Amino acid sequence: MIWIVLLLALVLFAALAFRGLGFLAWIAATGAALVGWRLAGGAHPTLLAACTILALALAIVFGLPPLRRRLVSRFVMPVFAKVLPRLGDTERIALEAGTVWWDGDLFGGMPDWQKLLDFSPAPLSAEEQAFMDGPVEELCRRLSDWEVYQQRDLPPEIWRYIKEQRFLGMIIPKEHGGLGFSAIGHSRVVTRIASRSVTAAVTVMVPNSLGPGELLLHYGTDAQKQKYLARLARGEEIPCFALTGPEAGSDAAATQSEGIVEKRVIDGVEVLGLRLEWKKRYITLAPVATLIGLAFRLKDPSRLIGDQEDRGITCALIPRATPGIEIGQRHDPMGVPFMNGPIVGKDVFVPLDDAVIGGREQIGHGWRMLMESLAAGRSISLPALSIGAAQLATRICGAYATVREQFDTPIGRFEGIEEPLARIAGKTYMMTATRTLTCGALDAGEKPAVLSAIAKAYLTEGMREVVTDAMDIRAGAAIQKGPRNALARMWDAVPIGITVEGANILTRSMIIYGQGAIRCHPFVQHEITSIAANDLTAFDRALFGHINLLARNATRAKLLAWSGSRLAAAPRTEDTVRYYQHLSRFSAAFELLSDVAMGTLGGSLKRREKISGRLADALAFMYLASCALKRYHDGGKTTANYNLVRWSAEHCLYRVQEALLGVLENLPLRPAAVLLSWAIFPLGARFRPPSDRLGARVARDILEDREARINLTEDIFVPPPGEVGLGALEAALTKAVRAIPVETKLRDAVRAGRLDRAPGYMLDEMGRDAGVITPDEYKLLQEADAARNEVVAVDAFDPQTFRTLH
Ligand SMILES: Cc1cc2nc3c(=O)[nH]c(=O)nc-3n(C[C@H](O)[C@H](O)[C@H](O)COP(=O)(O)OP(=O)(O)OC[C@H]3O[C@@H](n4cnc5c(N)ncnc54)[C@H](O)[C@@H]3O)c2cc1C
């Protein structure tokens, strides 16, 4: 009897805790256990009375905040102050930048799927669509990336067209002469251009991302906006933004570039200005820039503008013509010929009020400006470029694996090729889905700093993986550079995406998890700030909210694991409901593990980047899976999309599992790790990567003329059939597909013994001569062969030309 009662009490506890009612759960369960115990005759009345009083006392102490503060929180606060990470100024500013959105749900352990499904990302406006169909298509048509490589720059007429059509002013509102595009509009433009020319895409991308335009829009004075925005939108000013220097790469706040406040007499007039000294490198567009956005440390040793010497990181605009600037040299970023180079400033004097973005009010707020801009901006430029590469790889590889035959078989039919093909298609689906949702959030007014960092790091990694797989599929044809080989140029660009706007290793460990854990966790940031402000009431609220959350997630993680995630609330009408449930389970497990990692490692978690990196992977793959599920929900519930969403979700769930297991295996406090393993993976690691059978379906869906290949690559530019490279490949694919039924006829005849076995090229003739195929069908085969030969050809150059190539 006693066991039944205790079991019932446990169930009551679990049920209440599962829904997040932690304290109520404890009190109700303790009461139920005691009463049951007594009824079962299992307790001495005195012991029962003592236990009841203790339970009541605990319930009162923990249930009444004023009492709790006096008796518990007051003593816990100093302990937490020692354990919790201390935030430096730059970290605090980074944490305060941007907003928390779906990342908060994933971190909280109980994602509200209905909220995600109800969210509608804004589509392209009619104007944006017209721009895509007009100027973007025209720009792509005019671009020859191979020529751009050989000339080491965009041709003057392309520069002119880019400026005329206001490609450089996509983020500038119409009232200032720009295009005023949404995030998704801006991103789609960059993707299409990137699929044609990375050089052109980077050239368009930079003025529309962190730099003078964006900083002026958000922080500039009216006079500065009037002076520059329209000129920037029309391309009359070419901007660059110089943050990175030799001493300050990832640790950009450590910049040694300085601006000293001083007065100089110019043309007989005394001017309060800045004397700037800087050394910057890797600066995109610098060699052709006319307006330099500069980040530097502002110092006022003579106290001319206040009583503080070091005023902190500040951003200013410096016209190129200002004396003292050395600019124009070019770096060579992996041979991709966009403009990139160093800038040095020696004794550069500019009037303070004109130059500092936002005027005196914004002195010292440069770091905040950069963090706030990156909170949104990271999700646009490099993710868009990565999607351009992934979609191009899908389009090319699906066609090439159909057209290219070895052993008389299209290579796409070999299981060995199916594997990378499936990865290319699955990742392209997932990456595009991530862009749609993240840009949708931006267009809805969010600035999701952590999700933007995830999009930047994991989409550029996705680009690296997809392009590597695509190179393997194309093999020799991928390696020989020339106008036929668009993929090789993507290969060159991979490390650029990985490095720029926060190199990925740092982004993964420090930004996504390190800052994300504090930013997205429902209580940790409140605990840290309340301790810093010595606010006991706020600390008490955060601490007990946190304990409640921990109780809930410990229970949820365990019950969801035991039940195969079936107890998780999820949109039941979805045919993908099980994936939602598994993600809910992992979300609870992630929060629990995260709390234990923070609790046991304290401030040192910052340095344990292998742990925080794996936690970042878990969070990122939960997000990527959410995006894929959302994409499938929002449209196109075709069989091909069903295969793709299953592949994406299974890939992500497996990656989440591996990341969590990696943390558990390496958590220094072993007893905690063992207990957690028991709670999170009681039945062991049961998730597997997508099966071979599913992979085969996904791969086949992008072969031949199937719709999935077109749908997956709707954002890219497809050149006309007469053009070497993708254009000719598309034309060859059409012919190869037309020939498939004829080839099948021949194979059937061989199987039936009506034709002898022979190599393909002989079989065609034998089939015609034996009357197995008609002369017209024979002609179809010949045309397909000719087209095949054309697209498997690679470029070759005479030695003289070769010496001039890039
Ligand atoms: C093509 C190109 C264009 C660029 N354009 C611009 C531009 O227009 N304007 C501009 O200001 N900058 C620009 N950059 C600079 C770019 O943002 C930096 O290269 C980047 O921030 C990394 O700095 P770094 O190269 O000095 O690497 P480092 O800072 O030396 O980093 C080296 C490695 O260490 C890792 N690392 C560093 N700190 C940590 C840490 N705490 N934890 C874990 N890992 C860490 C990094 O992830 C990286 O893998 C550009 C760079 C390139 C290559």
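Our numbering applies: residue 156 is where the sequence shown begins, and numbers increase by one.
Don't be surprised by glycine CBs; every beta carbon is placed ideally from N, CA and C.
All values derive from a computational prediction rather than experimental measurement.
> With respect to the alpha helix (DSSP H) encompassing Ile895, which residues constitute its N-terminal and C-terminal limits?
Replying inline: Position 740 of the sequence shown holds residue 895. Its alpha helix (DSSP H) spans residues 881–906.
> Whose beta carbon lies closer than 5 Å to any heavy atom of ligand 1, going through the chain in order?
Replying inline: Leu398, Thr399, Gly404, Ser405, Tyr437, Ile438, Thr439, Pro488, Ile651, Thr654, Val655, Ala658, Ile660, Leu661
>> Tell me which residues share the same chain as Leu722 and place their Cβ nearer than 7 Å to its Cβ, disregarding the 5 neighbours each side in the sequence.
In response: Along the sequence shown, one-based indexing puts residue 722 at 567. Here the set comprises Leu714, Leu715.
>> Within a Cβ cutoff of 6 Å, which residues of the same chain sit near Val344, ignoring the five residues on either side of it in sequence?
In response: The sequence position of residue 344 within the sequence shown is 189, counting from 1. The answer, listed in chain order, is Val291.
>> I'd like the list of long-range same chain contacts for Tyr555, defined as Cβ closer than 7 Å, with 5 residues on each side in sequence excluded.
In response: By 1-based counting over the sequence shown, the position of residue 555 is 400. Hits under 7 Å: Ile628, Arg629, Leu884.
> Among Pro876, Glu464, Ala596, which one has its Cα closest to the Cα of Leu888?
Replying inline: Mapped onto the sequence shown, residue 888 falls at position 733. Minimum Cα distance to Leu888 is reached at Pro876.
>> Does the structure place the stretch 798–812 close enough to the stretch 820–829 that three or more beta carbon pairs sit under 8 Å?
In response: no
> Of the residues Asp950, Glu656, Gly259, which one's Cα is nearest the Cα of Leu639?
Replying inline: Along the sequence shown, one-based indexing puts residue 639 at 484. For clarity, residue 639 is Arg in the given sequence; the question names Leu instead. Taking only the C-alpha atoms, the option nearest Arg639 is Asp950.
>> As an exercise, report each continuous alpha helix (DSSP H) stretch of at least 4 residues that is fully enclosed by the stretch 678–722, in chain order.
In response: 679–687, 691–717
> Leaving out five residues before and five after Lys329 in sequence, what residues of the same chain have Cβ atoms less than 7 Å from its Cβ?
Replying inline: Taking the first residue of the sequence shown as 1, we reach residue 329 at position 174. Correct list, in chain order: Gly335.
> Out of curiosity, what's the CA-to-CA distance linking Gln269 and Leu774?
Replying inline: Taking the first residue of the sequence shown as position 1, residue 269 is located at position 114. Taking the first residue of the sequence shown as position 1, residue 774 is located at position 619. Whole-angstrom Cα-Cα distance: 19 Å.
> Span of the beta strand (DSSP E) holding Phe396?
Replying inline: Here residue 396 refers to the residue found at position 241 when the sequence shown is read from its first residue. Element bounds for Phe396: 394–397.
> In terms of DSSP beta bridges, what is Thr439 paired with?
Replying inline: Residue 439 sits at position 284 when you count from the first residue of the sequence shown. Thr439 pairs with Asn495.
>> Quick check: Thr346 and Ile535, are their CB atoms within less than 7 Å of each other?
In response: The residue you call residue 346 lines up with position 191 of the sequence shown. The residue you call residue 535 lines up with position 380 of the sequence shown. No. Outside cutoff.
> Can at least three beta-carbon pairs, one atom from the stretch 235–244 and one from the stretch 757–774, be found at a separation below 8 Å?
Replying inline: yes
>> Can you list, in chain order, the residues of its chain with a C-beta nearer than 7 Å to that of Arg674? Leave out the 5 residues immediately preceding and following it.
In response: Indexing the sequence shown from 1 puts residue 674 at position 519. Once the five neighbours on either side are set aside, the close Cβ partners of Arg674 are Leu250, Val255, Ala604, Val605, Gln680.
>> Checking the sheet assignment: what are the DSSP bridge partners for Leu449?
In response: Working through the sequence shown from its first residue, we reach residue 449 at position 294. Note: Leu449 sits in a beta bridge opposite Ala397, Ala471.
>> So, at 8 Å on beta carbons, what are the nonlocal neighbours of Gly791 in its own chain, with the 5 sequence-adjacent residues on each side left out?
In response: Reading the sequence shown from its first residue, position 636 is the one you call residue 791. Here the set comprises Asn866.
> Considering Lys270, what are the terminal residues of the alpha helix (DSSP H) in which it resides?
Replying inline: In the sequence shown, counting from the first residue as 1, residue 270 sits at position 115. First-last of the alpha helix (DSSP H) with Lys270: 268–273.
>> Assuming Leu507 and Leu427 are in contact, meaning their beta carbons sit under 8 Å apart, how far apart are those beta carbons, in whole angstroms?
In response: Stepping through the sequence shown from its first residue, residue 507 is reached at position 352. Stepping through the sequence shown from its first residue, residue 427 is reached at position 272. About 5 Å separates the two Cβ atoms, so the contact holds.
> CA-CA distance, Thr929 and Gly922?
Replying inline: Position 774 of the sequence shown, counting from 1, holds the residue named residue 929. Position 767 of the sequence shown, counting from 1, holds the residue named residue 922. Cα-Cα distance, rounded: 9 Å.
>> Using only the alpha-carbon positions, how far apart do Leu371 and Leu960 sit?
In response: Taking the sequence shown and counting its residues from 1, one reaches residue 371 at position 216. Taking the sequence shown and counting its residues from 1, one reaches residue 960 at position 805. Rounded to whole angstroms, Leu371 to Leu960 spans 41 Å at the Cα level.
> What is the DSSP secondary structure of Gly175, counted as helix, strand or coil?
Replying inline: Here residue 175 refers to the residue found at position 20 of the sequence shown. Low confidence applies to Gly175: its pLDDT is 49, below 50, so where it sits in the model is not reliable, and the reading given next is rough at best. In this structure, Gly175 counts as coil in the three-state DSSP scheme.
>> Please report the straight-line C-alpha distance between Leu540 and Ser352, rounded to a whole angstrom.
In response: On the sequence shown, position 385 is the one that residue 540 refers to. On the sequence shown, position 197 is the one that residue 352 refers to. Straight-line Cα distance between these residues: approximately 10 Å.
> Closest to Leu472 by CA distance: which of Cys295, Leu449, Phe262 is it?
Replying inline: The count along the sequence shown starts at 1 and reaches residue 472 at position 317. It is Leu449.
> By Cβ distance below 6 Å, which residues in the same chain neighbour Gly970 in space, the five residues on each side in sequence not counted?
Replying inline: Given that the chain is displayed from residue 156 to residue 961, the structure contains no residue 970 and the question cannot be resolved.
> So Gly303 is in the beta strand (DSSP E); what residue range does that whole segment cover?
Replying inline: Within the sequence shown, residue 303 is the residue found at index 148, counting from 1. In the sequence as displayed, the identity of residue 303 is Val instead of Gly. Unbroken run through Val303 is the alpha helix (DSSP H), 300–306; no beta strand (DSSP E).
> Just reading off the beta strand (DSSP E) that Lys418 is part of, what are its end residues?
Replying inline: As a position in the sequence shown, residue 418 is number 263, starting the count at 1. Taken as a continuous stretch (DSSP letters only), the beta strand (DSSP E) holding Lys418 covers 413–421.
>> Suppose you measure from the CA of Thr201 to the CA of Leu213; what does that come to, to the nearest Å?
In response: Indexing the sequence shown from 1 puts residue 201 at position 46. Indexing the sequence shown from 1 puts residue 213 at position 58. Rounded to the nearest angstrom, the two C-alpha atoms are 18 Å apart.
> Given that a residue counts as buried once 16 or more other Cβ atoms are within 10 Å of its Cβ, and exposed if not, what is Tyr787?
Replying inline: If you number the sequence shown from 1, residue 787 lands on position 632. Its Cβ being crowded by 16 or more others within 10 Å, Tyr787 is buried.
> Do the stretch 570–589 and the stretch 651–659 touch if we need at least three Cβ pairs shorter than 8 Å?
Replying inline: no
> Grouping DSSP H, G and I as helix and E and B as strand, with all else coil, what is Leu431?
Replying inline: Within the sequence shown, the letter at position 276 stands for residue 431. Reduced to three states, the DSSP call for Leu431 is strand.
> For the putative contact between Leu881 and Arg550, defined by C-beta atoms under 8 Å, what is the C-beta separation to the nearest angstrom?
Replying inline: As a position in the sequence shown, residue 881 is number 726, starting the count at 1. As a position in the sequence shown, residue 550 is number 395, starting the count at 1. At roughly 7 Å, the Cβ-Cβ gap stays under 8 Å, so Leu881 and Arg550 are in contact.
> Got a sec? Which residues, its chain only, sit under 8 Å from Gly175 by beta carbon, not counting five neighbours each side?
Replying inline: As a first step, residue 175 is located in the sequence shown; it is residue number 20 there, counting from the start. Confidence at Gly175 is low in this model, with a pLDDT of 49, below 50, so its placement is unreliable and the value that follows should be read with caution. Around Gly175: Met265, Asn703, Leu704, Arg707.
>> With H, G and I counted as helix, E and B as strand and the rest as coil, what does DSSP make of Asp455?
In response: For the purposes of this step, residue 455 is identified with residue 300 of the sequence shown, where counting begins at 1. In the structure shown, Asp455 sits in coil (DSSP, three-state: anything other than H, G, I, E or B).
> Around the Cβ of Leu537, are there at least 16 other Cβ atoms within 10 angstroms (buried) or fewer (exposed)?
Replying inline: On the sequence shown, position 382 is the one that residue 537 refers to. Label assigned to Leu537: buried.
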